[in-house]
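Participant:
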Amino acid sequence: MHGNEWGDNTVEGVAMTSETSPATVPISAVMQRPLWRDTFSSLRLHNYRLYVIAQFIAYTAAWVQRIAVDWLVLELTGNVALVGLTIAIQFTPTIVLGAYAGVIADRFDKRATLMIAQSIIGVLSLALAIVTILGVAELWLVYLLVLLMGIIQVFDNPARAVFVNELVGPRHLRNAISLNASIFHSGAFLGPALSGVLIVAAGSGWAIGINAVAVVIGVIILASMRKRELLIAPRAPGTKGQIREAMRYIRNKPTLFWTMVMVFVIAVFGMPMPTLLAAMANTVYETGASGYGLYNSLAAIGALLGALASARRSSLRLRTIIFGAVLYGVAMMLAGIVPIYSLFLGVLIGIGLSRLLLMTAAETMVQLSSNLVIRGRVMAFYVMVILGGQAVGGPLMGTIAELWGAKIAFVIAGGVPTVVAITIAILLARSGRLTVRVAPRRTGRWMAIVPHPRSRAITESMPIVGSGSGSGAAAAHAPTSRNRLRALRASLSRGARKRRSPKEDL
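Letter by letter, the sequence shown follows residues 1 to 506 in the UniProt record's numbering.
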């Protein structure tokens with residue numbers, strides 16, 4: 001079973017070459033909506049079921065620790081901006097080392113990499129929990145331990161993202177990627193909610209200790225997998241220039257490039273939610289840690305709804321990412337605008353739903369658009385974009401909340417991604433000569449993206465080959481309406497294959 005399902009020279013139907021980063025076409029992300037019984041079809045595989053359990057525990061516990069650390073820093077300093085700095089310290093190593101971690105993910109055993117990285121993180125997490133419980137935690141020590149965990153996490157992230165390929169194989173890959181992304185972002189909402197409860201009940205130290213326990217469970221689960229059922233993917237050769245090749249690969253694929261641009265903006269402005277919610281609980285509604293936990297619980301409810309919707313998504317293109325970013329941005333702005341507390345609580349559910357749909361779509365798009373041999377490096381850059389964006393956005397949004405208030409920070413956090421998403425949509429539409437056609441219908445699609453009329457005008461105004469004195473030869477070469485239509489289709493097809501042409505991706 002090892003290696004056979006992938007095939008010797010193909011990766012999910014995409015021909016492999018001797019190049020380190022072969023120029024493959026994106027794997028299709030358009031499919032029929034699955035039957036309800038097939039919504040989580042990848043869970044039928046033993047190893048992947050174990051992996052899902054480990055992932056859910058790990059992601060949730062990691063967020064429990066992150067929120068507990070943020071609250072600990074807030075208790076030690078009373079400064080929201082320093083909470084944002086904590087995020088920056090944890091994620092800055094990704095910017096420096098992330099690309100090299102991607103090379104390691106492509107060249108070495110993924111499961112072994114995960115087990116080693118998680119074991120080290122568990123030791124560091126336990127140390128942080130102990131000093132916090134004993135009451136001897138100081139800001140410099142917290143920052144040091146957070147930095148060390150961030151360095152190790154750099155090597156964990158791309159290996160974790162690509163390991164799913166070896167668990168499920170090509171048949172269940174699309175479903176598994178979507179489910180895995182849903183688990184990740186569900187944990188991003190459930191973890192803060194649970195953390196708020198633990199902080200109130202037992203304190204930040206015990207909440208941090210939960211992560212150390214979760215790491216032990218995760219390592220045991222990874223070790224207990226059936227190795228004979230793993231579909232070991234082909235490894236990248238140890239050649240020079242692999243990072244540069246990955247950068248070119250991303251730059252030349254619209255589905256990768258524009259998705260990462262949009263995700264970076266979301267990471268900077270929209271993902272420092274814990275910082276913003278802490279500010280809302282501390283300064284606006286004055287609900288303390290219990291209110292902070294409530295806010296994250298409501299967002300978690302929305303995330304769970306988004307996870308179910310994501311698993312049943314029937315199609316995925318760049319417009320899915322753009323529309324999702326606009327929806328998320330509007331929800332964030334509403335959170336800062338609504339004047340009534342109960343409305344704010346309701347909007348948090350919408351934020352959780354829209355964010356999970358967006359981020360799940362983005363990760364699925366990136367993985368399915370990447371050749372398997374280079375996917376580790378691509379995912380490393382994707383993680384760099386997310387965590388690097390948060391490293392910038394944490395202090396930025398914390399400072400904005402400190403200077404102008406949490407409500408203004410929410411409006412900015414939603415407004416900037418909305419404007420950027422609309423701008424990207426306009427750029428893609430213009431470069432691909434596309435326009436939106438709306439047609440009211442009872443059933444089927446009511447909106448479609450079609451070639452702009454100017455595209456037709458270009459081909460219709462083309463000079464007739466051999467035109468002259470009305471000779472028979474000239475008439476024979478004159479393009480008919482059918483020929484003009486073929487020319488238009490060929491022109492659009494060539495444009496779609498060019499770098500950054502968005503027609504097929506939209």
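Ideal placement from N, C-alpha and C gives every residue a C-beta, glycine not left out.
Can you tell me whether residue 172 is buried or exposed? The criterion is at least 16 other CB atoms within 10 Å of its CB, across all chains shown.
Facilitator: Flag for residue 172 reads buried.
Participant: Since residue 230 contacts residue 298 with CB under 8 Å, what's their CB separation in whole angstroms?
Facilitator: The Cβ separation is near 39 Å, so there is no contact.
Participant: How long is the line joining the alpha carbons of residue 282 and residue 407, rounded to whole angstroms?
Facilitator: Rounded to the nearest angstrom, the two C-alpha atoms are 12 Å apart.
Participant: Looking only at its chain, what residues have a beta carbon closer than 6 Å to the beta carbon of residue 161, apart from the 5 residues adjacent to it on each side?
Facilitator: Closer than 6 Å at Cβ, skipping near neighbours: 379.
Participant: In angstroms, rounded to a whole number, what distance separates the CA positions of residue 104 and residue 418?
Facilitator: Each residue's Cα considered, the two are about 36 Å apart.
Participant: Let me confirm a value: residue 79 is counted as buried when at least 16 other C-beta atoms fall within 10 Å, else exposed. Which label applies?
Facilitator: Counting Cβ neighbours within 10 Å, residue 79 comes out exposed, since fewer than 16 surround it.
Participant: If you reduce the DSSP assignment to three classes, tell me which class residue 205 lands in.
Facilitator: Helix at residue 205.
Participant: On the three-state DSSP scale, how would you describe residue 47?
Facilitator: Three-state DSSP puts residue 47 in a helix.
Participant: Between which residues of its own chain and residue 150 is the CB-CB distance below 8 Å, once the five residues before and five after are set aside?
Facilitator: Excluding residues within five positions, the ones whose Cβ falls inside 8 Å are 89, 90, 91, 92, 93 and 94.
Participant: Which residue marks the beginning of the alpha helix (DSSP H) containing residue 111, and which one marks its end?
Facilitator: Run containing residue 111: 110 to 133, per the alpha helix (DSSP H) assignment.
Participant: Using CA atoms only, rank isn't needed, just tell me which of 61, 128, 138 and 153 is closest to residue 388.
Facilitator: The shortest Cα separation from residue 388 among 61, 128, 138 and 153 belongs to 153.
Participant: Classify residue 342: buried if its beta carbon has 16 or more other beta carbons within 10 angstroms, exposed otherwise.
Facilitator: So residue 342 ends up on the exposed side.
Participant: Just to confirm, is the Cβ distance from residue 211 to residue 119 under 7 Å?
Facilitator: No, they are not a contact pair.
Participant: Which whole-angstrom value describes the C-beta separation of residue 207 and residue 198, a residue pair presumed to lie in contact below a C-beta threshold of 8 Å?
Facilitator: Their Cβ separation, rounded to whole angstroms, is 4 Å, which keeps residue 207 and residue 198 in contact under 8 Å.
Participant: Is there contact here, the stretch 240 to 258 with the stretch 65 to 78, by at least three beta-carbon pairs under 8 Å?
Facilitator: Not touching, per the Cβ criterion.
Participant: Can residue 409 and residue 270 be called in contact, C-beta distance under 7 Å?
Facilitator: Result no, Cβ atoms of residue 409 and residue 270 do not sit closer than 7 Å.
Participant: Could you check if residue 204 is buried or exposed, using at least 16 other CB atoms within 10 Å of its CB as the buried criterion?
Facilitator: When all chains shown are included, residue 204 counts as buried.
Participant: Helix, strand or coil: which one does DSSP assign to residue 231?
Facilitator: Here residue 231 sits in coil by DSSP.
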